[in-house]
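These notes are about the structure you will find just below.
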Amino acid sequence: PPAVASLFSLLASYKKPKKAAPLAYVTGTLGVLVGADFFHLPELLQTHLSHAVEASIGGAAIFDMVFLAGIIAVLIDSLFILKK
745 PPAVASLFSL LASYKKPKKA APLAYVTGTL GVLVGADFFH LPELLQTHLS
795 HAVEASIGGA AIFDMVFLAG IIAVLIDSLF ILKK
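Those letters in the sequence shown? Residues 745 to 828, by this note's numbering.
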């Protein structure tokens with residue numbers, strides 16, 4: 745996800761490269777959230793409930809992945825922006 749977020753942000757902010765890093769962070773963060781949480785939602789909805797069940801979307805490592813994906817995407821972008 746960080747490489748895809750970085751590539752997307754560099755392409756989307758081609759004329760304004762200073763906006764690439766914030767866009768990379770947002771894209772990387774949302775990419776991990778969508779991939780980790782929302783794609784598992786149909787799996788949770790298909791379970792047959794006979795009693796009260798607590799479902800946790802995400803987990804302990806998801807928070808770390810969200811933060812690190814955004815930071816790594818910003819670092820990749822900064823390498824390309826500083827070369828210009």
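Every residue, glycine too, gets a C-beta built ideally from N, C-alpha and C.
Taking buried to mean at least 16 other C-beta atoms within 10 Å of its own C-beta, is residue i buried or exposed?
i: residue 758; result: exposed
i: residue 785; result: exposed
i: residue 810; result: buried
i: residue 767; result: buried
So the candidates are the options; which of them puts its Cα closest to the Cα of residue i?
i: residue 825; options: 786, 766, 780 and 761; result: 761
i: residue 769; options: 822, 823, 814 and 827; result: 814
i: residue 808; options: 792, 772 and 782; result: 772
i: residue 805; options: 790, 746 and 776; result: 776
Under 8 angstroms between the Cβ atoms of residue i and residue j?
i: residue 822; j: residue 765; result: yes
Mapping the DSSP letters down to three states, classify residue i as helix, strand or coil.
i: residue 827; result: helix
i: residue 794; result: coil
* To do: Could you tell me whether the region 750-770 touches the region 802-819, where touching means 3 or more Cβ pairs closer than 8 angstroms?
  => yes
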